[in-house]
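Numbering (our numbering), first residue to last: 17 to 87.
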C-alpha cells in the first residue's frame, strides 16, 4: 500500500462531505482522510496503484485544489 499526501483547500466538514462521494467511489482507494486541523488541510490517500495526478484531478473536478506534498 502507498500513502499519498496532499495539501488541499478543504476547510470545513461540509466540504469534506462533498469530497467523500468522489473519493469513496474509486475502488482503488482503500482509505482516505482529511486533517482539517492541519494548516495545509492534509489529504491522505491509501492505495496500491493510483497516481498523485489522478487524485489531484479528482479533487479539481470536485471543485477543490489539491497538491501533492513530498515526504
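Backbone N, C-alpha and C fix where the C-beta goes; we use that ideal spot for every residue, glycine too.
Pick out whichever of the options has its Cα sitting closest to the Cα of residue i.
{"i": "residue 45", "options": "87, 71, 84, 30", "result": "71"}
{"i": "residue 24", "options": "53, 41, 62", "result": "53"}
{"i": "residue 56", "options": "80, 18, 73", "result": "80"}
{"i": "residue 41", "options": "87, 51, 75", "result": "75"}
{"i": "residue 47", "options": "86, 85, 78, 19", "result": "19"}
{"i": "residue 17", "options": "73, 67, 33, 50", "result": "67"}
{"i": "residue 78", "options": "87, 50, 36, 51", "result": "36"}
What does DSSP give as the partner residues of residue i in its beta bridges?
{"i": "residue 53", "result": "In DSSP, residue 53 forms no bridge with anything."}
{"i": "residue 47", "result": "62"}
{"i": "residue 84", "result": "22"}
Using 10 angstroms around the beta-carbon of residue i, count the other beta-carbons present and answer buried if the total reaches 16, otherwise exposed.
{"i": "residue 83", "result": "exposed"}
{"i": "residue 61", "result": "buried"}
{"i": "residue 63", "result": "buried"}
{"i": "residue 85", "result": "exposed"}
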